[in-house]
Amino acid sequence: MKRGRIMQNKTGPQPRFAPSDIAAAVGLMTRLPVPVDTDRATLRGARAAWAWPVAGLVVGGLAALSASLALWLGLPPALAAVLLIATQITLTGALHEDGLADSLDGLWGGWTRDRRLEIMKDSRIGAYGVIGLILTLLLRWQLWSLIIANDALWSAALIMGAVSRAPMAALMAWLPPARATGLSRHVGRPVHVTAVAAAVLAGVITLLLWPGALPALGLVVAATAYGWGRIAHARIGGQTGDILGAGQQMCDISGLLVLAVQLT
């Protein structure tokens, strides 16, 4: 049975949006044991990118639940924030943090495009990666501590879970693959309407949970993603899975800054 609009590919007609994309997105973005039809998920490929914000909702909701438990036990907001971040990292297997560290090491540790890509593929972490992880984790901890102390835990966690992952689809659609192997070469690239759908979905979630934050949040996160995309294109000629993961981290932090400012 056909669902939604149809787009053609080498394997035949496929619906532009399919409910199974949600399970595929959660399976890709988290370590949760989600039952996924591997053949169907592979066939869908990057068409499932519209559902990445939904995977973020799952991560954000479970992380908020862990922080709520900490608060219920009488722990202060600062410790609840630590538990929230630890839950996020556990659920995703540090997927995005790893991308951030690899990207920082590669983009600023190599002098040529090929050398930068080689460094990014190296499993060892360098000085740029260590410094970047320390600074971003400290920033996230401080911002979440402030947000939790101002009773905005659930709305912020759900919003940023979705909003920080929507730009990944946009970056993947906008930038060409930087290497012959990798995520984009495996699943393809989302068409622009898929990236727009991810952004609209994240916007609707924000509108429902924190409508006053939508204009500033959308502008700042979009600017962050655009700036990061320009840097990646200039240094390695496109995107990789690491670039997408780093983009999620940067958009998450810039979005949290917007929400924190709204609360002060």
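The sequence shown begins at 4 in the working numbering and counts up one residue at a time.
Backbone N, C-alpha and C define an ideal beta-carbon position, used for all residues, glycine too.
Query: Own chain partners of Ala-263 with C-beta closer than 8 Å, once the 5 adjacent residues on each side are dropped; Result: Leu-146, Leu-149 and Ile-150
Query: Euclidean distance between Cα positions of Glu-121 and Gly-109; Result: 7 Å
Query: C-alpha gap between Ile-137 and Arg-182, whole angstroms; Result: 28 Å
Query: Spatial distance of Thr-33 from Trp-114 (CA atoms); Result: 33 Å
Query: Local conformation of Pro-180 per DSSP, three classes; Result: strand
Query: Rounded distance between the beta-carbons of Gly-63 and Gly-164, thought under 8 Å; Result: 3 Å
Query: Which residues DSSP lists as bridging Gln-242, in chain order; Result: Pro-180
Query: Residue closest to Gly-30, alpha-carbon to alpha-carbon, out of Trp-177, Ala-58, Leu-210 and Ala-200; Result: Ala-58
Query: Exposed unless 16 or more other CB atoms sit within 10 angstroms - verdict on Thr-14; Result: Confidence in Thr-14 is poor, its pLDDT being 41 and thus under 50, which makes the residue's placement unreliable; the coordinate value appears in the next sentence. It is exposed - the Cβ of Thr-14 has fewer than 16 other Cβ atoms within 10 Å.
Query: Gly-135, buried or exposed, once every other Cβ within 10 Å from all chains shown has been counted against 16; Result: buried
Query: Cβ contact check for the stretch 61-75 and the stretch 123-134: 3 or more pairs under 8 Å; Result: no
Query: CB of Ala-173 within 8 Å of CB of Ala-202, strictly; Result: yes
Query: Cβ contact check for the stretch 95-112 and the stretch 247-260: 3 or more pairs under 8 Å; Result: yes
Query: Val-85: first and last residue of the uninterrupted alpha helix (DSSP H) it sits in; Result: 80-95
Query: Span separating the alpha-carbon of Leu-94 from that of Leu-35; Result: 7 Å
Query: Residue span of the alpha helix (DSSP H) that contains Pro-56, given as start and end; Result: 55-75
Query: Residue nearest to Ala-49 in terms of C-alpha spacing, selected from Leu-68, Pro-38 and Ser-23; Result: Ser-23
Query: Simplified DSSP state of Ser-126, which is helix, strand or coil; Result: coil
Query: First through last residue of the alpha helix (DSSP H) which encompasses Gly-112; Result: 98-112
Query: Cα-Cα separation between Leu-212 and Ala-67, rounded to whole angstroms; Result: 14 Å
Query: Helix, strand or coil at Leu-260 [DSSP, three-state]; Result: helix
Query: Where Val-39 falls: helix, strand or coil (DSSP); Result: coil
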